[in-house]
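Residues in the sequence shown are numbered from 1 upward in steps of one, following UniProt numbering.
Working notes, structure below.
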Amino acid sequence: MPFRIRPYRPGDLDALYDICLLTGDSGQDASGLYEDPKLLGHVYAAAYGIFQPEFAFVVDDELGVAGYVIGALDSRAFEATLEREWWPNLREQYPRPTKPKEDWTPDDRIINLLYGRSAGDEALLDAYPSHLHIDLLPRAQGGGNGRKLMHTLFDALARAGSPGVHLGVGARNTRAVGFYEHIGFERLAEKPGSIVFGMKLPFDAAR
């Protein structure tokens, strides 16, 4: 069976968790970095499937789900939803780290993200209110699946009225940086260790 792009289904939730971890070290397997294999998915993947399934799409083959793109139409509204319905339960499970930052483990750094989050820069959100995450396992890379996933999400966001979408990426993830630039994302901001990209919608696939 060749790869196919399809809408996310509730039964794909475990795959979101797994793929998020298996690509969580700048695109490489992060399984050896975290004691709790669910942490990355709690922060970066699962909530999109649960609260914004209409903006979640997967690529699969005979082996199962091999990648996903997940997005939020309105980043401010999405973060408000998570503050009401997602973070409180996770904060009960994962107390905020109390030891000095220099002693934090990778798990501690992710747990800290459960507290005091914001949707992002206000000026950026005015022009690019939507945001996304995309991750593919090695077997789904290099065959156009990433581009197809992106185009599918762009179309869904544009139909819902979004004027633009943004994403963040680690600067050392050079493969991802090149991919985003190749499909037409523009650099909006650079911080130590990370880059913010943006795309105006509707997307013109011919450009």
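Glycine included, C-beta positions come from ideal geometry on N, C-alpha and C.
With the cut-off set at 8 Å, would you say Asp107 and Leu39 are in Cβ contact? Yes, they are a contact pair.
Rounded C-alpha distance that separates Glu62 from Ala140: Going by the C-alpha atoms only, they are around 12 Å apart.
Measure the alpha-carbon distance for Asn145 versus Ala77 and round it to whole angstroms. Looking at the two C-alpha atoms, the distance is approximately 29 Å.
Express the C-alpha separation of Asp204 and Glu35 in angstroms, rounding to a whole number. Taking the CA atoms as reference points, Glu35 sits about 43 Å from Asp204.
Nearest-angstrom Cα distance between Pro53 and Glu85? Cα-Cα distance, rounded: 15 Å.
Counting along the chain, where does the beta strand (DSSP E) carrying Ser194 start and finish? Unbroken beta strand (DSSP E) run through Ser194: Ser194 to Lys200.
Is the separation between the beta-carbon of Phe197 and that of His151 shorter than 8 Å? Taking 8 Å as the Cβ cut-off, Phe197 and His151 do not qualify as a contacting pair.
How big is the Cα-Cα spacing for Leu90 and Val58? So the alpha carbons of these two residues sit roughly 25 Å apart.
What did DSSP end up calling Ser26 once you bin it into helix, strand or coil? Under the three-state reduction of DSSP output, Ser26 falls in the coil class, being neither helix nor strand.
Output yes or no for whether 8 Å exceeds the beta carbon distance between Gly67 and Leu149. Between Gly67 and Leu149, the C-beta spacing is below 8 Å.
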